[in-house]
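**Student:** Just so we're aligned, residue 25 is where the sequence shown starts under this note's numbering, counting upward by one.
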Amino acid sequence: MSSEYNPPTDPIPVIYHDDDILLVDKPEGLLSVPGRGEHLADCLLSRLQDMFPEVLLCHRLDRDTSGIMIFALSKLAQRKLGRAFETKRVKKRYIARVWGEVAEPKGTIDLPLIVDWPNRPLQHVNHETGKPAVTDWERMEVVDGTTRMKLMPRTGRSHQLRVHMLALGHPILGDPFYADGPALAFPRMMLHAEGLKLEHPITGKMERFEAPCPY
Numbered sequence: 025m026s027s028e029y030n031p032p033t034d035p036i037p038v039i040y041h042d043d044d045i046l047l048v049d050k051p052e053g054l055l056s057v058p059g060r061g062e063h064l065a066d067c068l069l070s071r072l073q074d075m076f077p078e079v080l081l082c083h084r085l086d087r088d089t090s091g092i093m094i095f096a097l098s099k100l101a102q103r104k105l106g107r108a109f110e111t112k113r114v115k116k117r118y119i120a121r122v123w124g125e126v127a128e129p130k131g132t133i134d135l136p137l138i139v140d141w142p143n144r145p146l147q148h149v150n151h152e153t154g155k156p157a158v159t160d161w162e163r164m165e166v167v168d169g170t171t172r173m174k175l176m177p178r179t180g181r182s183h184q185l186r187v188h189m190l191a192l193g194h195p196i197l198g199d200p201f202y203a204d205g206p207a208l209a210f211p212r213m214m215l216h217a218e219g220l221k222l223e224h225p226i227t228g229k230m231e232r233f234e235a236p237c238p239y
């Protein structure tokens with residue numbers, strides 16, 4: 025990953041909001057929360073606080089991942105959403121483009137992950153000390169030696185989709201950590217959080233929200 029941080033300056037697209045929740049489409053290249061140091065202070069959370077001073081964090085996306093994120097607008101909503109994420113009652117769907125032609129139509133990757141301490145923040149597969157990480161995937165289409173994939177993580181480990189695709193032998197295009205050679209030569213990381221399905225924390229109604237994939 026480049027040490028230079030030049031986040032996009034376009035307005036943040038708001039997908040939905042009511043008295044309790046806010047859903048937005050995070051642009052690629054913008055941190056979800058502040059990093060270490062003043063030069064990394066600009067982030068999605070700080071920008072949203074300018075529009076919604078009461079906004080509260082519920083989960084994160086990597087800097088180079090774009091797509092849908094949900095925030096709480098009340099302490100009660102934050103507590104209930106946090107519990108929903110912890111108990112895996114939030115269903116997430118991502119769209120990725122990966123290097124190579126994936127042969128099988130679908131599958132499941134069950135490989136435990138843990139931080140690679142000498143090379144942190146990189147993660148790696150470790151069957152002795154890793155934490156459970158499971159990803160369901162479906163092949164969508166093969167185009168010009170790359171494959172468009174639908175990824176449905178059952179767990180939420182750091183870099184889970186990125187490491188699991190690498191383990192499958194098909195790194196995500198443009199991934200600054202896990203791709204190399206021609207797979208790295210793309211203008212952005214091709215990973216987008218397209219959909220969330222969850223119970224509204226206050227009404228209890230099952231809701232589906234989407235942020236259209238930009239590539």
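Beta carbons: idealized from backbone N, C-alpha and C, even for Gly. From a predicted model like this one, the values you see are computed outputs, not experimental measurements.
Is Phe95 near Leu72, with beta carbons less than 8 Å apart?
**Tutor:** For Phe95 and Leu72, yes; Cβs fall inside 8 Å.
**Student:** Measuring straight from C-alpha to C-alpha, what distance separates Pro58 and Asp86?
**Tutor:** Near 12 Å, if we compare the C-alpha coordinates of Asp86 and Pro58.
**Student:** From what residue to what residue does the alpha helix (DSSP H) around Met93 run?
**Tutor:** From DSSP, Met93 is part of no alpha helix (DSSP H) but of the beta strand (DSSP E) over 90 to 96.
**Student:** If you reduce the DSSP assignment to three classes, tell me which class His224 lands in.
**Tutor:** In this structure, His224 counts as coil in the three-state DSSP scheme.
**Student:** Where do the N-terminal and C-terminal ends of the alpha helix (DSSP H) with Val122 fall, by residue?
**Tutor:** Segment 115 to 123 is the beta strand (DSSP E) holding Val122; no alpha helix (DSSP H) there.
**Student:** Exposed or buried, Ser90, counting other C-beta atoms within 10 Å across all chains shown (16 or more means buried)?
**Tutor:** When all chains shown are included, Ser90 counts as buried.
**Student:** Could you tell me whether the Cβ atoms of Trp123 and Thr170 are closer together than 8 Å?
**Tutor:** Going by C-beta atoms, Trp123 is nearer than 8 Å to Thr170.
**Student:** Quick one: any contact between the region 216 to 230 and the region 126 to 137, if contact means 3 or more CB pairs under 8 Å?
**Tutor:** Counting Cβ pairs under 8 Å, fewer than three are found: no touch.
**Student:** I want to know whether the region 183 to 201 touches the region 101 to 116 - three or more CB-CB distances under 8 Å.
**Tutor:** Flag = no, the region 183 to 201 and the region 101 to 116 do not touch.
**Student:** For the structure I just gave you, are there three or more beta carbon pairs, one from the region 210 to 220 and one from the region 138 to 148, closer than 8 Å?
**Tutor:** No: the two stretches stay apart, fewer than three of their Cβ pairs being nearer than 8 Å.
**Student:** Going by the CB atoms, is the gap between Arg163 and Glu173 shorter than 8 Å?
**Tutor:** In the sequence as displayed, the identity of residue 173 is Met instead of Glu. Cβ distance < 8 Å, so Met173 and Arg163 count as in contact.
**Student:** Can you grab the Cα-Cα spacing for the pair Leu97 / Asp199, in whole Å?
**Tutor:** Straight-line Cα distance between these residues: approximately 32 Å.
**Student:** Excluding sequence positions up to five away, which residues of its chain have a Cβ less than 7 Å from the Cβ of Ala120?
**Tutor:** Counting only Cβ-Cβ distances below 7 Å, and skipping sequence neighbours, we find Met173, Leu175, Leu185, Met189, Ile196, Met214, Leu215.
**Student:** Where Arg103 and Glu78 are concerned, what is the direct C-alpha to C-alpha distance, given to the nearest angstrom?
**Tutor:** Each residue's Cα considered, the two are about 14 Å apart.
**Student:** Consult DSSP for Ala217 and reduce its assignment to one of helix, strand or coil.
**Tutor:** Strand.
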